[in-house]
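Going by the working numbering, the first residue of the sequence shown is number 7, and it counts up by one from there.
One structure below.
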Amino acid sequence: MYMSDKYYTTIGLEIHVELNTLSKMFCGCKNDPDEEIPNKNICPVCMAHPGTLPVANKKAIENVIKVGLALGGNIADFSEFDRKNYFYPDIPKAYQISQYKYPIVSGGHLLGVDITRVHLEEDTATSSHSNEGSLVNFNRAGVPLMELVTEPCIHDTDTLSAFAHELQTLLRYLNVSDANIEKGQMRVEVNISVSTDPNKLGVPTEVKNIGSFRSAVKAALYEQKRMIDLIEEGKIGEIVKETRGWDDAKQKTISQRSKENAEDYRYFPDPDLPKMYLHKAFDIEKMRSELPELPEAKRLRYRNDYGIKDEDIESYIEDRELGAWFENLATVLSDQTKIKTASNYITSDYLGLKKSNLEVRLPDIKNFAELMNMVADGMISSRVAKDILAMIVIADESPMKIATEKDLIQKNDEGALKEIAKIVIDANPVVVATYKGGKENALMSLVGQIMKETKGSANPALVQKILKELMV
Ligand code: ZN
Ligand code: MN
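Following this line, the structure appears as structure tokens:
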């Protein structure tokens, strides 16, 4: 991100997350924003029929508390729901049930970013527009929506991106949301300002309609440049507090509306919902003790226990199934060097194979460990190990059996290799002459042919030694 002595960029994030509860926030409708039939999961409550009353979803509140505990935030003793008034077709009551003065969570940190608050509200309906008119689908209306707000304490896009990714991972570990950003289950809004005074924030804009982590970074960079350009042109007055939308096709932000202030929404406590005394309604300390191992703790444990590369660790953090499998494998291997080698095969070879073939599955731990032991014992070359790995991730069987059947056990039999070397030398007089003429590289072409001849089972170092001896 562009930083200089002249300009100070400050970013705060507002992240909305759809919680994966079975039912909606204030009614018994199924929580399924993916439902393809429009207006299927609706009822008089989420359609705001007169006389209906909301009942809060306890599981959704519990999920927000879990997030708060995982972030090290403070769980409010007293909390309540408020009405946030605004008139728009996607909100049938003409107000959104949200939280204003008393959010469930205040404070907390993640990757060094300070959290202001985490509260609970309801999602809106979705609208679609065409030449024939506009349609509103209420399947999503009333889905539990968690809103997390950070302090304006981010000054570079690496931190922005790392924070958003880490939050996504955390939500998945806590099993409160799938947090798929492309599906809109996690929505990132970027509040950004540029100032010429390090002690004062500039006029901020808020960028919405961001569909990926990459777009969040691009939107921040675009806004930063737009603001700096305006300041440089002496048009600082044209930077106004407003909501802008990210246009992914045009790769730019577009002004949508001037930003409302809190007072515009006329927040007031919702009289239809009871006040919440969270420390009475929930056993907070029990919930804290029951939190799963979180990504940061897991990273630390992997670093200490296995001494593997940070990039490898990230693969296991992101893919929990793979991480659990690797932990079991490490127990079986119980040797630091073998574990490190195994981790290389998993993160580069196995994950590479998996990307290109949907049939690729994690093999039986016993078989994978056997393969690693064969490598460690010098029984097979790393080339052969990769080939066998590619086989056992499709049809899981014993690597020892495969190697024996296919005659892939590394040949350290000098006599046998010498015979093959002689044949290859005789068949390649030109290469031999080139080598003898001083071109050391020509040797590798002969080594390659012998490796091919032995299906990769020859020990390459031994082959080189034999060739050199034969060609003096
Ligand atoms: Zn409903
Ligand atoms: Mn909100």
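We treat Cβ as the ideally placed atom computed from N, Cα and C, and that holds for glycine.
Simplified DSSP assignment, three categories, for residue i
i	result
Gln191	coil
Gly139	strand
Ala427	helix
Asp311	helix
Leu117	coil
His482	Outside the displayed span of the chain (7 to 478) sits residue 482, for which this structure offers no information.
Ser221	helix
Lys407	helix
His22	strand
Glu2	The structure shown does not extend to residue 2, since the chain spans only 7 to 478, so no value can be given for it.
Ile198	strand
Pro492	The first residue shown for the chain is 7 and the last is 478, placing residue 492 beyond what the model contains.
Ala367	Note that residue 367 is Arg in the sequence shown here, rather than Ala. Correct three-state label for Arg367: coil.
Ala100	coil
Asp162	coil
Tyr271	helix
Glu317	helix
Thr123	A small fix is needed here, since residue 123 is Arg in this sequence, not Thr. Strand.
Asn91	strand
Thr337	helix
Ala287	helix
Met31	coil
Leu468	helix
Tyr108	coil
Val390	helix
Ile81	strand
Val73	helix
Leu300	coil
Ser463	coil
Inter-residue spacing [alpha-carbon to alpha-carbon] between residue i and residue j
i	j	result
Phe288	Asn310	35 Å
Leu414	Lys445	31 Å
Cys35	Asn47	6 Å
Lys241	Ile21	31 Å
Leu476	Phe332	45 Å
Met385	Met378	10 Å
Val194	Glu459	57 Å
Leu28	Ile67	13 Å
Lys90	Tyr273	5 Å
Ala54	Phe144	11 Å
Asp83	His285	6 Å
Ala391	Ser221	40 Å
Glu6	Ala348	This structure gives no information on residue 6, because the portion of the chain shown stretches from 7 to 478.
Lys64	Gly139	38 Å
Ile17	Glu317	27 Å
Phe374	Leu335	8 Å
Lys372	Met192	39 Å
Ser354	Lys360	10 Å
Ser167	Val155	15 Å
Thr343	Val478	38 Å
Gly358	Arg326	17 Å
Nearest neighbour of residue i, chosen from the options [CA to CA]
i	options	result
Val51	Asn379, Ala147 and Lys231	Ala147
Gln105	Leu452, Tyr271, Ala439 and Gly240	Tyr271
Leu151	Ser183, Ser136 and His135	Ser183
Met406	Asn205, Val381, Gly208 and Tyr283	Val381
Leu468	Gln416, Lys442 and Lys206	Gln416
Asp402	Pro369, Leu126 and Asn205	Pro369
Glu248	Gly57, Asp235, Glu266 and Lys346	Glu266
Ala303	Ile323, Lys292, Ala433 and Glu296	Ile323
Asp164	Leu359, Lys224 and Leu177	Lys224
His125	Val196, Asn69 and Ala330	Asn69
Ser264	Lys428, Lys286, Glu229 and Thr211	Thr211
Ala100	Leu141, Pro56 and Lys361	Pro56
Ile237	Lys12, Arg326, Lys474 and Tyr179	Lys12
Lys461	Tyr92, Lys412, Lys474 and Val430	Lys412
Tyr179	Asp96, Asn26, Leu423 and Ile103	Asn26
Check: residue i C-beta below 7 Å from any heavy atom of the ligand MN
i	result
Glu128	no
Glu153	yes
Ser362	no
Ser104	yes
His161	no
His22	yes
Notebook entry, point to check: What residues sit near the ligand ZN, counting only those whose C-beta is closer than 5 Å to one of its heavy atoms, in chain order?
Noted result: Cys33, Cys35, Cys49, Val51 and Cys52
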